[in-house]
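With the working numbering as the guide, the letters of the sequence shown map in order to residues 157 to 818.
For glycine and all other residues, C-beta sits at the position ideal for the given N, C-alpha and C.
All values derive from a computational prediction rather than experimental measurement.
So the structure is just underneath, and the comments pick up after that.
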Amino acid sequence: MTASPSPRPATKGKPKLAFRPLPVPQVDVHGFWGDRADAVATRTADILYERCVEARMLEQIDPDRPSPGIVIPFHSPSPDEADRQGAEFTGSTVTTQMFWDSDLGKTIETAAYSLYRRKNPELEKKIDAVIDMYGKLQQEDGYLSSWYQRIQPGKRWTNLRDCHELYCAGHLIEGAVAYYQATGKRKLLDIMCRYADHIASVLGPEPGKKKGYCGHEEIELALVKLARVTGERKYMELAKYFIDQRGQQPHYFDEEARARGADPRAYHFKTYEYSQSHRPVREQDKVVGHAVRAMYLYSGMADIATEYGDDSLRVALDRLWDDLTTKNLYITGGLGPSAHNEGFTSDYDLPNESAYAETCAAVGLVFWASRMLGMGPNARYADMMERALYNGSISGLSLDGSLFFYENPLESRGRHNRWKWHRCPCCPPNVGRMVASIGSYFYSLADDALAVHLYGDSTARFDIAGTPVSLTQASRYPWDGAVEITVDPQAPVEFTLHLRIPAWSSSAMLQINGEVVDLEDMTSDGYAAIRRNWKKGDRVRLDLEMPIERLYANPEVRQDAGRVALSRGPLIYCVEASDNDSRLHRLTLPRTADIEAHEAPGLLGGVVTLSATARADAGDGWQDGLYRREPPASVETRLTAIPYFAWDNREPGEMLVWLRDG
157 MTASPSPRPA TKGKPKLAFR PLPVPQVDVH GFWGDRADAV ATRTADILYE RCVEARMLEQ
217 IDPDRPSPGI VIPFHSPSPD EADRQGAEFT GSTVTTQMFW DSDLGKTIET AAYSLYRRKN
277 PELEKKIDAV IDMYGKLQQE DGYLSSWYQR IQPGKRWTNL RDCHELYCAG HLIEGAVAYY
337 QATGKRKLLD IMCRYADHIA SVLGPEPGKK KGYCGHEEIE LALVKLARVT GERKYMELAK
397 YFIDQRGQQP HYFDEEARAR GADPRAYHFK TYEYSQSHRP VREQDKVVGH AVRAMYLYSG
457 MADIATEYGD DSLRVALDRL WDDLTTKNLY ITGGLGPSAH NEGFTSDYDL PNESAYAETC
517 AAVGLVFWAS RMLGMGPNAR YADMMERALY NGSISGLSLD GSLFFYENPL ESRGRHNRWK
577 WHRCPCCPPN VGRMVASIGS YFYSLADDAL AVHLYGDSTA RFDIAGTPVS LTQASRYPWD
637 GAVEITVDPQ APVEFTLHLR IPAWSSSAML QINGEVVDLE DMTSDGYAAI RRNWKKGDRV
697 RLDLEMPIER LYANPEVRQD AGRVALSRGP LIYCVEASDN DSRLHRLTLP RTADIEAHEA
757 PGLLGGVVTL SATARADAGD GWQDGLYRRE PPASVETRLT AIPYFAWDNR EPGEMLVWLR
817 DG
């Protein structure tokens, strides 16, 4: 990955140019991302709801039904067992999970943005019924947790470290905000405001309140969304409290354990690095522990840094960003190599076949990178957001929107296949809600500026200085680097249009109303800043050269030594058995080989493939022994690579990202 310039330092106090994402209803997306959003709207959103019903989640939240009877501990079964059982899930056993409110919250969020894109009265009716259940379940003081009300009554606020109480609240808040924005219905929003008010009455820095925070971060970024949509600053202050309090001494998780009569040392993961609570957040300098939790924490930190102009948080975030992107990140934007802790191990430990690289973690990296852009356009973050979006995250969702990956390895012998559901079903609704809300990642708005972070067919609607503006992109991105932008303000208005110049583009050309302009003079932090008085019909054309590149890993990554990966534009490529005659591990890509790009409109929904003449080890003459003195013979073969996000959408078979380099 090409390094980008260092970010500009944040200003003291509230930033003058705080950028916020455009809400989903203000962006229409077509083309590549439109196809994926359509798949979610037409299939995934309904599937998520039906699978929640099949898992009998509604029995846990419906106060008119008997309480579910069998509790499955959070740490059982193992991820491998969950995959096997999830693939054959029937819902025949009554089970319950402490985090089911979060899965329903993400399902509501996915449904909300899907309903905005495509009317679905039946699904809307079902979601309204779920919201009604939560309304009935909510207690008079505002408390709302199906686990603690229906499964473990009387124990609320006693185990924030392990039991996902605030995490579930966060996902329900995000679902409430989405449902309000997309449908105009505010019943769930009002429910969650009452719950947030209750949380603020129990937790906080004031005397008499518990000094706690969640073991699984999420509430922080949800409260920021709630504050922005309601205008209530108290929710922002509560989010800031959770960020500031994390890791402080005396350690709240120790005190909490003693209060419930438990030994603080009897912690399943042995270290508070697992939940990034081992130090106060401003002192942290390494990405550690559970990868999804880390991404959610850093997302919340970035939001608070943006809202409060907090330089100390920005400095810590940049340290953590450097540690992730230079030592602990897969080339696909996947992260967290270990199934043991669903997270990080040691620097440069990036195995391919056993890579965990949870879909939720790559989605979380998209969240973090997007929120770093709140402090100003910087391609350092936007390029990585794009890398994770196009590769490590949407690989977790089949092209038709019906099947899922929990883990996203970079190598498979053909036995890693998509599944219908999962006993820990966090990833399906997480990737679903991200794709359904993809428009909010394309653009962000400041007082007198709009930043374009992602390219592709889309229309954005926004106001600047009280003037309504429509901006339309026309592009075949990511297959082609030509982007046509039309700006249509209702009346002439002056503002700055920031356009990202991706680091992967070897050259770029910018034209304004047909006149070529000097990009170098107007580009800072990887964005071209066009300041002008915009008039109706103004046109901007950006041409990004999209070369095929060979990428090599740091020599410290032992699993990739002597290997090469292929990319084109924002896409990382892989080889699959479906397109190649030889066993994939036998392939060598010569350094002298010409690599060609080919349009394949009938393949995998329409992709660009890469092909080259390669060499393959022949198996002839080895039938009588395992070893011999002579190397295997080498034969010429044709190598074909497809975008990584599209693998395992055909018949099961081998897959490989890192090829032998010859």
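Buried or exposed, going by whether 16 or more other CB atoms sit within 10 Å of the CB of residue i?
i: R816; result: buried
i: V672; result: exposed
i: M757; result: Per the sequence presented here, residue 757 reads as Pro, with Met not at that position. When all chains shown are included, P757 counts as exposed.
i: H741; result: exposed
i: K396; result: buried
i: S631; result: buried
i: Q295; result: exposed
i: S468; result: exposed
i: E650; result: exposed
i: M811; result: buried
i: S234; result: Confidence at S234 is low in this model, with a pLDDT of 34, below 50, so the placement of that residue is unreliable and no value is reported for it.
i: N669; result: exposed
Just how far apart, CA to CA, sit residue i and residue j?
i: G552; j: G777; result: 40 Å
i: S270; j: P585; result: 12 Å
i: G499; j: K426; result: 14 Å
i: G490; j: I347; result: 35 Å
i: A243; j: R579; result: For A243, the predicted model reports a pLDDT of 31, less than 50, meaning its position is unreliable; a value from the coordinates is still stated below. Cα-Cα distance, rounded: 9 Å.
i: H327; j: L782; result: 54 Å
i: C349; j: R697; result: 44 Å
i: W575; j: K365; result: 44 Å
i: A789; j: G775; result: 8 Å
i: P161; j: E676; result: Residue confidence for P161 is low, a pLDDT of 30 falling below 50, so the modelled location carries little weight and cannot support an answer.
i: E278; j: C208; result: 16 Å
i: A267; j: I283; result: 8 Å
i: D478; j: L214; result: 42 Å
i: A517; j: R784; result: 44 Å
i: W803; j: V713; result: 24 Å
i: R739; j: S662; result: 33 Å
i: P229; j: H320; result: Note that P229 scores a pLDDT of 44, beneath 50, so its modelled location is shaky; the value from the coordinates is reported in the next line. Going by the C-alpha atoms only, they are around 12 Å apart.
i: L606; j: P648; result: 15 Å
i: I620; j: D603; result: 7 Å
i: P624; j: Q646; result: 6 Å
i: P711; j: W814; result: 14 Å
i: L666; j: A544; result: 26 Å
i: L473; j: D681; result: 17 Å
i: R747; j: G761; result: 30 Å
I'd like the span of the beta strand (DSSP E) that includes residue i, first residue to last.
i: L815; result: 815-817
i: F618; result: 614-620
i: N315; result: Careful: N315 lies outside any beta strand (DSSP E) and carries neither H nor E.
i: L300; result: Premise fails: L300 is in no beta strand (DSSP E) and is neither H nor E.
i: P309; result: Careful: P309 lies outside any beta strand (DSSP E) and carries neither H nor E.
Whose C-beta lies closer than 6 Å to the C-beta of residue i among residues of the same chain, with five residues either side of it excluded?
i: W524; result: M451, Y454, S455
i: R475; result: D441
i: K170; result: Caution is warranted here: a pLDDT of 43 is assigned to K170, below 50, making its placement in the model unreliable, and no coordinate value can be reported.
i: P420; result: D410, A413
i: E265; result: E330, G331, A334, R589
i: L627; result: A616, V643
i: R527; result: S455, A458, D459
Leaving out five residues on either side along the sequence, give the residues of the same chain with a beta carbon under 8 Å from the beta carbon of residue i.
i: E509; result: P565, L566, E567, S568, R569
i: A415; result: T314
i: V185; result: A193, I594, G595, F598, G612, D613, S614
i: L529; result: F175, Y537, A538, M541, S600, A607, H609
Residue range of the alpha helix (DSSP H) that residue i falls in?
i: I329; result: 321-339
i: E542; result: 535-543
i: T354; result: In the sequence as displayed, the identity of residue 354 is His instead of Thr. From DSSP, the alpha helix (DSSP H) with H354 extends over 343-358.
i: W477; result: 467-483
i: A193; result: 187-195
i: N736; result: It is not in any alpha helix (DSSP H) - N736 carries neither H nor E in the DSSP assignment.
For residue i, which residues of its own chain have a beta-carbon under 7 Å away from its beta-carbon, when the five flanking residues on both sides are left out?
i: P799; result: L727, Y729, V763
i: S734; result: R806, E807, G809
i: Y272; result: V180, P181, A338
i: N484; result: V443, L491, F500, D503
i: G247; result: Below a pLDDT of 50, predicted positions are generally treated as unreliable, and G247, at 38, falls in that range; the measurement from the model is reported next regardless. Hits under 7 Å: E210, A211, R212.
i: T263; result: L204, Y205, C208, P585
i: K126; result: Nothing in the structure corresponds to residue 126, since the chain is present only between 157 and 818.
Would you mind stating whether residue i and residue j have Cβ atoms separated by less than 7 Å?
i: P581; j: D259; result: yes
i: F801; j: I550; result: yes
i: C370; j: Y428; result: no
i: V587; j: V519; result: yes
i: V791; j: A768; result: no
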